[in-house]
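So the structure is just underneath, and the comments pick up after that.
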Amino acid sequence: MNQLEKKRINLMKINYIKELNSSKINLSPLNFWQAIGITILFDIITLFLNKPTDIFYIILNSLGVVTYSGFWMWISTALSAAYEFGAILILIIFLNNRNNKVNNINTGFKLRKRDWVLVPLLIVSYILLTYGWFDYILYFFPTGNTYEYVIEYLNSIPIVILLVETCIMAPFFEELLYRGIILNGLLNKYKNSSKKAIIYSAMVFGLVHLNIPQGINAFIGGIILGFIYCYTKSMKLSIFAHFINNLITFVPVPESLIFKFIYIVIGTYVIMKGIKYIRNTKLINISKAS
């Protein structure tokens, strides 16, 4: 292999994330259990990459350095982003179907300005329905130690870092993994049933939250995000919708009975209009995509 070929291969690897966003990579087919295996593999790779940092922080703590200060927490956040990016890249390279690099279900869809407002309204409408009545159902389920640990962690970090991790890192990396890699792999497996692929990807997304209330919430959110991605083939839109979903959790809302009724009415109306808008504009036909 000459230097020119090596340079071309390295450039292709650098562009994998960009090409995944534009649906130009045809990933290997995945069934439901393989999709779960990919999430486990992602966690293993991330933990492995993060191990040197863990050791370094243990050494710092033994030397009396307060690693929960702003500076060291920013360093930890930046390194976590780098490790997750690396894990995503490894999975893309591993699952890339080199025999057919261009994804056949790519529609060449070009985003319009109004799509950035109208399409993510599906997520907003679901959140309104959650505020209106769905939260009451979720409260009946036990949360478990995992949920309590997550809440404790979120309450212990500065608000700015919390916003970065929740509203930037989580939407970007989770959409790359669960819609960009897993859902694409499921779509390539279940070519005659994109609905099955969406539901399976949402199930995986719900299971990784490791507690019932968040799992149910993530499952329904995963269906909506999968629906958006399947119809638009746009990672940008699904990432933006996920960003809106996480950002709204930081916005205080009135909780009186009259407001809950308003949430239900507006949420139901918006979600029906949102689905109708996407279908009427024919961003992509799910049956053709599958």
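Residue numbers (my numbering): -10 to 279. Ideal Cβ positions, reconstructed from N, Cα and C, are used throughout, including at glycine.
So residue i and residue j are supposed to be a Cβ contact under 8 Å. How far apart are they, rounded?
i, j, result
"Gly121", "Gly204", "With a Cβ gap of about 20 Å, Gly121 and Gly204 do not count as contacting."
"Tyr252", "Leu118", "7 Å"
"Gly215", "Leu172", "6 Å"
"Gly169", "Ser190", "Actually they are not in contact, since the Cβ atoms of Gly169 and Ser190 sit about 10 Å apart, beyond 8 Å."
"Asn85", "Leu16", "6 Å"
"Val259", "Ser114", "4 Å"
"Ile150", "Thr66", "6 Å"
"Glu164", "Met224", "6 Å"
Under DSSP, the alpha helix (DSSP H) around residue i begins and ends at which residues?
i, result
"Val106", "104 to 107"
"Trp61", "59 to 84"
"Ile170", "It is not in any alpha helix (DSSP H) - Ile170 carries neither H nor E in the DSSP assignment."
"Leu214", "201 to 221"
"Thr56", "That residue, Thr56, is in no alpha helix (DSSP H); it is neither H nor E in DSSP."
"Asn235", "224 to 237"
"Met192", "183 to 196"
"Tyr293", "Outside the displayed span of the chain (-10 to 279) sits residue 293, for which this structure offers no information."
"Tyr120", "Note, Tyr120: premise wrong, no alpha helix (DSSP H); not H, not E."
"Glu154", "First-last for Glu154: undefined, no H or E at that position."
Please report the straight-line C-alpha distance between residue i and residue j, rounded to a whole angstrom.
i, j, result
"Phe45", "Lys249", "48 Å"
"Asp124", "Asn206", "9 Å"
"Ile33", "Asn134", "21 Å"
"Gly263", "Asp104", "10 Å"
"Ile29", "Ile247", "44 Å"
"Glu137", "Leu199", "11 Å"
"Leu100", "Asn20", "30 Å"
"Leu49", "Trp61", "10 Å"
"Trp63", "Phe130", "35 Å"
"Lys222", "Leu236", "23 Å"
"Val197", "Leu127", "17 Å"
"Leu166", "Val54", "35 Å"
"Lys185", "Ile47", "45 Å"
Identify, in the order they occur along the chain, each residue of the same chain with its Cβ nearer than 7 Å to the Cβ of residue i, setting aside the five sequence neighbours on each side.
i, result
"Gly59", "Pro147"
"Asn234", "Ile112, Ile116, Gly210"
"Ile217", "Val108, Leu111, Leu226, Ser227, Ala230"
"Thr35", "Tyr72, Glu73, Ala76"
"Ile27", "Leu19, Leu80, Ile170, Ile171"
"Gly195", "Gly204, Ile205, Ala207, Phe208, Gly211"
Considering only residues of the same chain and omitting the five flanking positions on each side of residue i, which have a CB-CB separation below 6 Å?
i, result
"Leu107", "Tyr266"
Within the same chain, show all residues whose beta-carbon is closer than 8 Å to that of residue i, passing over the 5 residues directly before and after it, in chain order.
i, result
"Ala24", "Ile171, Gly174, Leu175, Tyr189, Ser190, Val193"
"Ile213", "Leu111, Ile112, Tyr115, Ala230"
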